[in-house]
Amino acid sequence: MALVQQQAIEFLFRTEDGGAVIDAPRHLLAALRQSAVSTDQPKGLVLLSGPPSVYRLGLCAAVDRALAGEPVLYLAGANVFDPFLVGRLARASRVASAQVLQQIHVSRAFTCHQMVRLVTDCLLSALRTYDARFVILAGPLDTLYDQSVPEPEAMRLFRTMTEALQDMAYQGVQVLCVSPLAPPESGGRSRFMAALRAQARRAIDVCEAEDGLWLHEEGGPEPKRWMIPRPLWNRL
Amino acid sequence: MVVWLVGEDGRRIRAIDPFVPTCYLAAPPSIREHVFRLLRRASCRISTREVERYELGAPCPISVLEVSVHAPAQFSSLTQHLIRACPDAQFFHVDVSLPQRYFYDRELFPLVHCEADLTAEGRIQSIQALESPWDTDYGFPPLTIMELSPDSPSPNPNHGGHGSFVVRMDGEERLLEGDDADVIQRLNQLLVRQDPDILLTDWGDSYLLPRLMIMADQLRMPLELNRDPHRSIGTRKPRSYFSYGRILSHAGARILSGRLHLDRHNSFALAETGLAGLIEQARIAKVDLQQMARTTTGTGITSMQLETACRDGLLIPYRKQEPEAFKSARELLQTDQGGLVFAPIVGYHEQVGELDFSSMYPSIMVRFNISPETINCPCCRDEPAARVPEIGHHTCRHRQGLVPRTLAPLLDKRVRYKRLMAAATQPAARAVLDQRQTALKWLLVVSFGYLGYKNARFGRIEAHESVTAYSRDLLLQAKEVAERQGYRMLHAIVDSLWFVKPGAVRADYNRLAQEITERTGLSIGLEGLYHWIGFLPSRVNPLMPVPNQFVGLFDHGAMKIRGIEIRRSDAPFLVKRAQAEVLRCLSQARMLAELREQIPQALEIVRIYRRYLHDGHATVEELAITKSLSKEPQAYRHQTLSMIAAQELLARGVSLQAGDTIHYIITDADAAYLPDRARAVAGLDGTWSYDVSAYDSLLLKAALVLLTPLGVTATSLNESTAGC
Amino acid sequence: MGRTLATFTQLVQQEIDSWSRYRRALRREDQQALDVLFAAARHHASAGAYLARETPFEVMLLSMLIEQQKHVVTLQQKVMTLETRMHHDSTQGMAS
Ligand SMILES: [Zn+2]
C-alpha cells in the first residue's frame, strides 16, 4: 500500500562548516530519511541520542515509513508516544492521518522485564504478523534505570536485549533506537548508554541550540552534521 | 513458623507450627541439573518432585519442579540464591511473604479466633479457624495496649526538640525522666510488668525505638521491647530510590516479635481507618498486622489475589514479563484514556443532587468480568455481548476471572457493613463499622490501580483500559437518562455526577438514581441533596474551570468541601480557620438569595483575621506550613521556601530524604539573603517574626475563592477588609 | 500508572502555547477574546477526550463555536424580550 512516494531533495542551504540545513517542512521527512535517520541501508542498529526531543525525531522516521505504505513497529519503553504529531505530519503530507496511524503498531513496556521479553520473544512474530521490516525502539534503556531491579540483573537483561537486536539487524530488520541521555539518577547504569552506542552501526547525537536542532554523526570517512531550524522544528 | 496465641485463660503462648513452604521452577534439563547440584549443598532438608501446574489463563499446564524447604527461616535466602544462580529459569511462588503463605495454607488470618492442639513443647498438632474473615460480627481482640510517645513540642522529633518519653496504659500516664539508664530501667520494668500485646507509638519507627536501642546499647543494658526472647528486633532502614522517573521512599521500621509495634506516624492504614480498620484489612488481606500497618494498601489487595491464585493451584510468577500486545497507533489513541471528567459550571447553584456510582471501578470488574486472563480470551472473540464499548477488547463470558472472584466478596462485605452502620444505634459501634467499611473502601480503591500497574502480579494493560472504557460509557448513560428527564448536568468526575432541575426534591433524585441503576446495571445512589453548592473558579485563570473544587451545604446541615485550603495540608492553620469561619457564615443561608446577604458578615470575618495578623498575634501553630519533600533535598535547584527550611534542618544535622514532611513558617518571603525567607518550625527559638504580607495574601486568596462567584473581586475584598 | 498520551486538557495548553506569539501581537481586548475562546475549548475537554481524534485543533474550534452559538442564542432571547417590552411600552404609550 503505497500512500505517497517522498521526493528526494537537494539541500539549498549549508551551515558555515558545511553541514546541511533541513529547511522546508515538506522536505523534513525525506531529508531525515536520506541523512540523519537513514533507513535505506539495511542491517545494523542506528542510535539517535540526545535531549527528549529525539522521541519526536524517531516518530518522524516512523511516519516517513508509514507514509511510504510500510508497516512500522514502535516499541515504547518510556511511556511516550505522540499520535498528534503523526496527525500533523500526515496532514502536512496531505494524507489521511487515520491511514498513517493504522500503519504504526505500538507496544508499551512498563518494566525492564517486559521490555526485554518484548524484544526477545514478541518482536519476531510481530514482524511476521504485520509484514514489517522497520522497528523503532523508543527509550529502550528507561526501564533499566529502575533501581528496584538490582544492577547486575539489569546488566544481564541489557545484554540479552542487545544481542536479540543485533540478531534481528543481521536478518535484515532495520532497527532505530531513540534514546534520551541517561538521567543523573541512573548512577552507574549510565554506562548502558555507552554500551548501546558501541553496538550501533551509526550513532547520531542530537543537541538543541538557539537556532535549531543539530544532528551530528562521527565515524565514516568524515563527520556529518545536519541542522533543523528552530521555526521548522517548533511547527511540528 | 512461630505463632503467638492468646489462650482462653489469658495466657500468651509461643507455639511452633511445622510449616514447609514450597516454590516452583520451570527450566530445561541442563539448568535443572545445576539446580539439583545447588540444592544438595543446602544446609537444611529439602525435598523435590515433578508436578504439573497451570499459569493464570494458560490453556494447558506446564511441568515444574516443586522445591519444599523444611526450614522456613532459610526459604528466602535459598530461593534468592537459586534465582541469582539460574537467571534463565522461570521461578514461581518465591517472593510471597511466608506469614501470608502460612495464612493461605492453613486457612487462617491475623487475630483469628481459632482452636489449636499443642504438644507440651508448644508444637502445633492442628490449628483451625472458628470464624471466617468475611464475618462482620467479630469483636475487638482481647489485646492490651501500651502507648509510648516522645514528650516533645516539635511536630517531628527527628527534626529537633528532643525530650523525654511518655508511657500511657489503662488511662494512666507516666513520664520517664532521669538519665538514660533510669529511662531504660523504668521502661523495662513497665514492659515486663504490664506485658502489653500492642506497643502503640508516635514516631516509634523513625525516632523512639532507634533512640532507645542506641541508649540501651551504649549502656549495655537489655531492652525488653520484644516478647519473644529468641528473636532480635527487626530493623529496616529508611531508604529512597529512583524508579520510573520518580523518587520512591520508605520510612524505616522497627518490627517486634511476640508483640505488635504500631507507629501512628508511619501507617497509612492506621491514619485513614484507625485500629479497627487496620485489623479489618489485616484479617481479609491475610497480611501480618505489623506489615499491613506499614505497607501500601496495594499489598493488601495483591495478597487477596495471591490467595485466590494459591487456592486455585495456580503458579505465581516471580517477575511479570508479559508486555502489551501490539495495537495500532489509532487503537492506542482510543484506548489510552481515563475516566470522563466534565468541567463544572462555575458558580453557586441551589437544590442540586449528587449521584455516585458506588465503588465504580471494582464493580465494573466484577460485573463485566474484567481480569488479566479474561480479556481477549480465545473463546468469546465473536460474541457481541462480550465487547467492551468503544475499544476493540472483549471479556470472557464463560469463566469468571481471578480479579472478579477476589473482589466480589469484598464488595459484598462493604455493602453489609454499610447496612449495619445505617441500623446501628450506638455511636461507638457505628464508628467501628465506619472504620471497617473505610478500610474495605481503600482496598477497593486501589484494586483498579493494580489491574494495570507495572509491578502488579495479575495486571494487564488491556484490563485497565477496559475498565475505563466501561466507566466512560456508564457515565454517559447516566447523563442521558437524567437529561431525558429534564435534569441539567453541572459537573461529573468519573463516577460522581451533579444534577439540577428546578423544583426537584429528594424523592425525584432517588427515583433518578433508581432509573440509572436499572439502565446501567450498576448501583448508583444519591450521595446527598445540597441546599446549595458552589463550583469554584481557578485561582490562576478565572476563565478556566477546575474539576473537584467545590463547597456544598447538604440538606441535613453538613458541608462537603473539596480542593480548597481547608482540605489542604500545606495551608497554614490560621488560613484554614478563617476559611472555615467564612464557610460557617455562608452555611447560615439556605438559598442563593440568602447566600448573597451573608457577604457583609463574611467580609467582617476576613477583616478581623487580617487585623489579627497585622497586629502580630499569630502563633507558630497558626502559621506553620507543612510540605512533603518531593525530591532528595540536595537535588532541588530552585530555592523554594520548603527547600530553605530543609537546608536549615540539614545544616543542623537532621537527616532528610524524599517523602519526608517538613514544617516551616515564612519569615520574609522577599529577603535578598535566602535563609532569611523561611525558618523550620522544629527548634524555633524566640527570635523570629513572620511575614505579615505573605500570610495576608494567603488569607485573601482563601476568602476570594469562595466569594468570587458571589461577585466579590480581589480589589473590593482587599479594600473592604483593610484597616480597622 | 501514568498515561502515555497527552490528555485533552494538556493538548489545549499546548495549543495555547503554540499561539503565544500571535497572542502577544494582539491588542489587549483581543487577547481577552482569545482567552475566552481557549477557555471554551478547555470547558469541553471531556467531549474532546472521548472523541480521541489525532487532529485535536479542529475539535477545539468546534468547542469554541458551541460556546459562541450559546452566546448568540442567549443574546437573541434578550433582544426578543427587549423588543417585546419596547413594543408593549410603545403601544401602551399610544393608548394613554
Ligand atoms: Zn471466553
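Chains as they are written, first to last, in the numbering used here: chain A, 1 to 236; chain B, 1001 to 1724; chain C, 2001 to 2096.
The C-beta atom is built at its ideal place from N, Cα and C for all residues, glycine as well.
All values reported here derive from a predicted model rather than from experimental measurement.
Tell me whether F1448 of chain B sits in a helix, a strand or coil according to DSSP, three-state version. Looking up residue 1448 of chain B in the second sequence gives position 448. F1448 of chain B: helix per DSSP, three-state reduction.
Tell whether a beta-carbon distance below 8 Å holds between L1410 of chain B and L1451 of chain B. To locate residue 1410 of chain B, count along the second sequence from 1; it is residue 410. To locate residue 1451 of chain B, count along the second sequence from 1; it is residue 451. In this structure, L1410 of chain B lies away from L1451 of chain B, with their beta-carbon atoms at least 8 Å apart.
Just checking my contact of L1641 of chain B with A1678 of chain B at CB under 8 Å: how many whole Å lie between their CB atoms? Along the second sequence, one-based indexing puts residue 1641 of chain B at 641. Along the second sequence, one-based indexing puts residue 1678 of chain B at 678. With a Cβ gap of about 4 Å, L1641 of chain B and A1678 of chain B count as contacting.
Closer than 7 Å to a non-hydrogen atom of ligand 1 - does that hold for the CB of R1397 of chain B? Position 397 of the second sequence, counted from the first residue, corresponds to residue 1397 of chain B. Yes, the beta carbon of R1397 of chain B sits closer than 7 Å to at least one heavy atom of ligand 1.
Let me confirm a value: H1113 of chain B is counted as buried when at least 16 other C-beta atoms fall within 10 Å, else exposed. Which label applies? If you number the second sequence from 1, residue 1113 of chain B lands on position 113. That one is exposed.
Nearest-angstrom beta carbon gap, R1539 of chain B and V1705 of chain B [assumed within contact, 8 Å]: Stepping through the second sequence from its first residue, residue 1705 of chain B is reached at position 705. Stepping through the second sequence from its first residue, residue 1539 of chain B is reached at position 539. By a beta-carbon distance limit of 8 Å, V1705 of chain B contacts R1539 of chain B. Their separation comes to about 6 Å.
Enumerate, from N- to C-terminal direction, the unbroken alpha helix (DSSP H) stretches of 4 or more residues contained entirely within the segment 2011 to 2085 of chain C. 2020 to 2024, 2028 to 2043 and 2045 to 2051, all fully within the segment 2011 to 2085 of chain C.
Among B:A1558, B:A1593 and B:V1551, nearest to Q1579 of chain B - alpha-carbon criterion: By one-based count along the second sequence, residue 1579 of chain B stands at place 579. Answer by Cα proximity: B:V1551.
I'd like to know if the segment 1078 to 1095 of chain B and the segment 1035 to 1045 of chain B are in contact, where contact means that at least 3 CB-CB pairs between them fall below 8 Å. With three or more CB-CB distances shorter than 8 Å, the segment 1078 to 1095 of chain B counts as touching the segment 1035 to 1045 of chain B.
Anything in chain B within Cβ reach of I104 of chain A, meaning under 8 Å, just list it in chain order. Translated into the one-based positions of the first sequence, residue 104 of chain A becomes position 104. Result: S1328 and A1329.
Taking buried to mean at least 16 other C-beta atoms within 10 Å of its own C-beta, is C207 of chain A buried or exposed? Indexing the first sequence from 1 puts residue 207 of chain A at position 207. Per the 10 Å Cβ criterion, exposed.
Taking 7 Å as the cut-off, is the C-beta of C1086 of chain B nearer than that to any heavy atom in ligand 1? Counted from its first residue, the second sequence places residue 1086 of chain B at position 86. No; taking the cut-off as 7 Å, the Cβ of C1086 of chain B has no heavy atom of ligand 1 nearer than that.
Helix, strand or coil for M1559 of chain B? Go by DSSP, reduced to three states. Position 559 of the second sequence, counting from 1, holds the residue named residue 1559 of chain B. Strand at M1559 of chain B.
Does the separation of the CB atoms of F953 of chain B and P1344 of chain B fall below 8 Å? Past the boundaries of the shown model lies residue 953 of chain B; chain B is included only from 1001 to 1724, so the question cannot be answered.
Any chain B beta carbon closer than 8 Å to A98 of chain A: Taking the first residue of the first sequence as 1, we reach residue 98 of chain A at position 98. By this cut-off, A98 of chain A is an interface position.
Using alpha carbons as the reference points, say which of B:V1287, B:T1297, B:E1173 and B:L1260 lies closest to A1269 of chain B. Counting from 1 along the second sequence, the entry for residue 1269 of chain B is found at position 269. The shortest C-alpha separation from A1269 of chain B is found at B:T1297.
Need the endpoints of the alpha helix (DSSP H) that E1177 of chain B sits in, please. If you number the second sequence from 1, residue 1177 of chain B lands on position 177. The continuous stretches of alpha helix (DSSP H) do not include E1177 of chain B, and DSSP gives it neither H nor E.
Name the chain F residues that come within less than 7 Å of L118 of chain A, Cβ to Cβ? The question asks about chain F, but that chain is absent: this structure's protein chains are A, B and C.
Can you say whether A1422 of chain B is buried or exposed, counting buried as having 16 or more other CB atoms within 10 angstroms of its CB? Taking the first residue of the second sequence as 1, we reach residue 1422 of chain B at position 422. Counting the other CB atoms within 10 Å of its CB gives A1422 of chain B a total below 16, which places it among the exposed residues.
Which word fits K1441 of chain B, buried or exposed, when buried means at least 16 other C-beta atoms lie within 10 angstroms of its C-beta? The count along the second sequence starts at 1 and reaches residue 1441 of chain B at position 441. By the neighbour-count rule (16 or more Cβ atoms within 10 Å), K1441 of chain B is buried.
Specify the secondary structure class of G1204 of chain B as computed by DSSP and reduced to three states. Translated into the one-based positions of the second sequence, residue 1204 of chain B becomes position 204. In the displayed model, G1204 of chain B falls within a helix according to three-state DSSP.
Using CA coordinates, which residue listed in A:M193, A:L157 and A:E185 is at the minimum distance from S179 of chain A? The residue labelled residue 179 of chain A in the question sits at position 179 within the first sequence. When A:M193, A:L157 and A:E185 are compared, the shortest CA-CA separation from S179 of chain A is found for A:M193.
Does the CB of T2055 of chain C have a neighbour CB from chain A at under 8 Å? Position 55 of the third sequence, counted from the start, is the residue given in the question as residue 2055 of chain C. With 8 Å as the cut-off, T2055 of chain C counts as an interface residue toward chain A.
Closer than 8 Å at the beta carbon, the chain C residues around D1336 of chain B: Counting from one through the second sequence, the residue named residue 1336 of chain B turns up at place 336. Chain C residues near D1336 of chain B: R2003, T2004 and L2005.
Measure how close the beta-carbons of S1257 of chain B and Q1100 of chain B come, nearest whole angstrom, since I'm counting them as under 8 Å. Counted from its first residue, the second sequence places residue 1257 of chain B at position 257. Counted from its first residue, the second sequence places residue 1100 of chain B at position 100. Going by Cβ atoms, the distance from S1257 of chain B to Q1100 of chain B rounds to 17 Å, so no, they are not a contact pair.
C177 of chain A, buried or exposed, once every other Cβ within 10 Å from all chains shown has been counted against 16: Here residue 177 of chain A refers to the residue found at position 177 of the first sequence. Here C177 of chain A is buried: its Cβ has 16 or more other Cβ atoms, across all protein chains shown, within 10 Å.
Does the beta carbon of C1310 of chain B fall short of 7 Å from some heavy atom of ligand 1? Translated into the one-based positions of the second sequence, residue 1310 of chain B becomes position 310. The beta carbon of C1310 of chain B sits no closer than 7 Å to any heavy atom of ligand 1.
Under 8 Å, with one C-beta from each stretch per pair, do the segment 1267 to 1287 of chain B and the segment 1361 to 1381 of chain B reach the 3-pair mark? No: the two stretches stay apart, fewer than three of their Cβ pairs being nearer than 8 Å.
Tell me, to the nearest whole angstrom, how far the beta carbon of I1533 of chain B is from that of A1478 of chain B; I am working on the premise that it is less than 8 Å. Working through the second sequence from its first residue, we reach residue 1533 of chain B at position 533. Working through the second sequence from its first residue, we reach residue 1478 of chain B at position 478. So it is not a contact: roughly 18 Å between Cβ atoms.
For the beta strand (DSSP E) containing P1072 of chain B, list its first residue and its last residue. Residue numbering aside, residue 1072 of chain B sits at position 72 when the second sequence is read from its first letter. Where P1072 of chain B is concerned, there is no enclosing beta strand (DSSP E), although the alpha helix (DSSP H) around it starts and stops at P1072 to A1085.
Return the CA-CA distance between H1349 of chain B and A1492 of chain B, expressed in angstroms with no decimal places. Taking the second sequence and counting its residues from 1, the one referred to as residue 1349 of chain B is at position 349. Taking the second sequence and counting its residues from 1, the one referred to as residue 1492 of chain B is at position 492. Using only the alpha carbons, I get a separation of about 15 Å.
Judging by CA-CA distance, which residue of C:A2025, C:V2036, C:F2057 and C:R2023 is the nearest neighbour of F2008 of chain C? What you label residue 2008 of chain C is simply residue 8 of the third sequence in a count that begins at 1. When C:A2025, C:V2036, C:F2057 and C:R2023 are compared, the shortest CA-CA separation from F2008 of chain C is found for C:F2057.
Leaving out the 5 sequence neighbours to the left and right, which residues in its chain are closer than 7 Å to T1721 of chain B when beta-carbon positions are compared? Here residue 1721 of chain B refers to the residue found at position 721 of the second sequence. For T1721 of chain B, where only same-chain residues beyond five positions count, the Cβ hits under 7 Å are L1603, V1606, R1607 and R1610.
Inspect the CB distances between the segment 1180 to 1197 of chain B and the segment 1212 to 1229 of chain B and report whether three or more fall short of 8 Å. Segments in contact, yes.
Segment limits, beta strand (DSSP E) that includes K1627 of chain B: Position 627 of the second sequence, counted from the first residue, corresponds to residue 1627 of chain B. For K1627 of chain B, the uninterrupted beta strand (DSSP E) segment begins and ends at I1625 to S1628.
Can you check whether the C-beta of R191 of chain A is within less than 8 Å of a C-beta belonging to chain B? Indexing the first sequence from 1 puts residue 191 of chain A at position 191. No, its Cβ sits nowhere closer than 8 Å to a Cβ of chain B.
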